[in-house]
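Residues 2 to 336 in UniProt numbering are what the sequence shown lists, from first letter to last. See below for the structure under consideration.
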Amino acid sequence: NEDVYMLGIETSCDETAAAVVKNGREALSNVVASQMESHRRFGGVVPEIASRHHVEQITLVIEEAMQQAGVSFADLDAVAVTAGPGLVGALLVGVNAAKALAFAHGLPLIGVHHIAGHIYANQLVTEMKFPLLALVVSGGHTELVFMKEHGNFVVIGETRDDAAGEAYDKVARALGLPYPGGPHIDRLAHEGEPVMDLPRAWLEEGSYDFSFSGLKSAVLNALHNAKQRGEEIDPRQMAASFQASVIDVLVTKTAQAAKEYGVRQVLLAGGVAANRGLRAALQEKMKELPDVELVIPPLSLCTDNAAMIAVAGTVLYQQGKRADLALNANPSLPL
Ligand code: KG4
Ligand code: ZN
């Protein structure tokens, strides 16, 4: 029996998630318990509350994932868990659960990088073809990652300040929208026109780095100044203008890098990949590179989930990589 059955566990932020994936390609289950409601009234994720929710949910979520997949622990080949980056108290809940299960059932333990997980979500959509470029855009990360083979990640560009999702959430907050604000800005943006002139941080010629704090400040200043003058800014126009600026930079740099690195595929990954404007703009832009295949996962695989961790874990497992019971959560784990 050469099939590989991997249990994946993810608790790096505010989703308690478990999934069973077969052969790194097929999600037999993908269970996500969101804590969003508990954090909403605080306008962001409260680490202490996140840890407590994970503790309450983790056993139930794992049981549910096993049941939905129709497998028992004896059927599993290994357990993969997000070891970082993320909130340390949140990560620890998943890591400890995975260690306990691996020990109790005599299964190999695999530690997975959260961003590797986001990238590998794409393998549930199609086969990955190297060399490839992944645009990772989430609440904590904005990175262009070049991969020449499985497990080989080279960060060719990253944000120098705010992550894209972070900028979305902060601008949303200033517009009085609930947390997390990304989806609300996305919705408003489609009802408005990008009529306001907002900055685009291209940085130095040839740089694939990003910067979103200047854009965020420009939005906050415009809102503040309008308020001082007793004027109204239409939130739909502001959302559309902000979104246009973010997408313009993301899409332009991604296409440039894809061309320079001569990749066969471009993969979109992370929570902000759920953005309808970004998905459409990237699709349009990539028409300029007809030889490069663009892969965009369904929304449920863009935001935090455990199927992506199980897929990345399967690749590591097949490469013979194992963690031991000394595995620890690392909030700033390098890719
Ligand atoms: O990957 P993710 O679920 O968690 C992290 O690892 O950070 O990403 C969450 C981020 C949040 O900032 C959220 O506002 C953003 O993804 N997001 C969106 C959309 N859906 C989620 N941003 C823009 N447009 C969306 N439709
Ligand atoms: Zn994430």
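Ideal Cβ positions, reconstructed from N, Cα and C, are used throughout, including at glycine. Bear in mind that the values here come from a model prediction, so they are computed numbers and not experimental data.
Rounded separation between residue 204 and residue 270 - CA only: If you draw a straight line from the Cα of residue 204 to the Cα of residue 270, it is about 23 Å long.
If you draw a straight line from the alpha carbon of residue 259 to that of residue 288, how long is it in whole angstroms? 12 Å
Ignore the nearest five residues each way along the sequence and tell me which others in residue 317's own chain have a CB closer than 6 Å to its CB. 111
So residue 41 packs on residue 179, CB below 8 Å; how close in whole Å? 6 Å
Answer with buried or exposed for residue 60, where buried requires no fewer than 16 other C-beta atoms within 10 angstroms of its C-beta. By the neighbour-count definition (other C-beta atoms within 10 Å, threshold 16), residue 60 is an exposed residue.
Could you pull out every unbroken alpha helix (DSSP H) segment of at least 4 residues lying fully inside the stretch 210-258, listed in chain order? 214-229
I want to check one thing, is the minimum distance from the CB of residue 167 to the heavy atoms of the ligand KG4 below 7 Å? yes
When the cut-off is 8 Å and only beta carbons count, does residue 222 lie next to chain B? In the structure shown, chain B does not exist; there is a single protein chain.
In its own chain, which residues sit with a C-beta less than 7 Å from the C-beta of residue 56, not counting the 5 before and 5 after it? 94
Taking the Cβ atom as the reference point for each residue, do residue 13 and residue 88 lie within a distance shorter than 8 Å? The Cβ-Cβ distance between residue 13 and residue 88 falls below 8 Å.
Does the distance from the CB of residue 62 to the CB of residue 84 come in under 8 Å? no
Which residues DSSP lists as bridging residue 159, in chain order: Residue 159 is bridged to 144.
Beta carbon of residue 122: closer than 7 Å to some heavy atom of the ligand KG4? no
Pick helix, strand or coil for residue 3, following the three-state DSSP scheme. coil
Compute the Euclidean distance between the alpha carbons of residue 188 and residue 273, then round it to the nearest angstrom. 13 Å
Is residue 245 near the ligand KG4, going by C-beta to nearest heavy atom under 7 Å? Judged by the Cβ position, residue 245 fails to qualify as a neighbour of the ligand KG4 at the 7 Å threshold, every heavy atom of the ligand being at least this far.
If we count the other Cβ atoms within 10 Å of its Cβ and call it buried at 16 or more, is residue 131 buried or exposed? exposed
Look up residue 30 in the DSSP assignment and say whether it is helix, strand or coil. strand
How about residue 1 and residue 224: do their beta carbons lie closer than 8 Å? A query on residue 1 cannot be resolved here, the shown segment of the chain reaching from 2 to 336 and no further.
Smallest Cα separation from residue 335: which of 251, 142, 282, 230? When the alpha-carbon of residue 335 is set against those of 251, 142, 282, 230, the nearest one is in 142.
Relative to the ligand ZN, what is the chain-ordered list of residues with a Cβ closer than 5 Å to any of its non-hydrogen atoms? Residues with a Cβ closer than 5 Å to any heavy atom of the ligand ZN, in chain order: 139, 305.
Going by the CB atoms, is the gap between residue 277 and residue 191 shorter than 8 Å? yes
Examine the ligand KG4 and report whether any of its heavy atoms sits within less than 7 Å of the Cβ of residue 275. Residue 275 Cβ: within cutoff of the ligand KG4.
Which full runs of the beta strand (DSSP E) of 3+ residues lie inside the stretch 166-190, going along the chain? none
For residue 300, report the span of its beta strand (DSSP E) as first-last. It is not in any beta strand (DSSP E) - residue 300 instead sits in the alpha helix (DSSP H) that spans 300-303.
My output table needs one value for residue 79: the three-state DSSP class, helix, strand or coil. Correct three-state label for residue 79: strand.
Taking 7 Å as the cut-off, is the beta-carbon of residue 119 closer than that to any non-hydrogen atom of the ligand GTP? Looking at this structure, you won't find the ligand GTP anywhere; what it does contain is the ligand KG4 and the ligand ZN.
Relative to the alpha-carbon of residue 10, which residue among 136, 79, 46, 26 has its alpha-carbon at the smallest distance? 79
Report yes if the C-beta distance between residue 212 and residue 160 is below 8 Å; otherwise report no. In this structure, residue 160 lies closer than 8 Å to residue 212 by Cβ.
Roughly how many whole angstroms lie between the Cα atoms of residue 119 and residue 231? 44 Å
What does the alpha-carbon distance come out to for the pair residue 73 and residue 49? Spanning the two alpha carbons is a distance of roughly 32 Å.
Any heavy atom of the ligand KG4 closer than 7 Å to the Cβ of residue 335? no
Helix, strand or coil: how does DSSP classify residue 320 here? It is coil, neither helix nor strand.
Can you check which of these residues, 3, 5, 22, 4, is closest to residue 308 by C-alpha distance? 22
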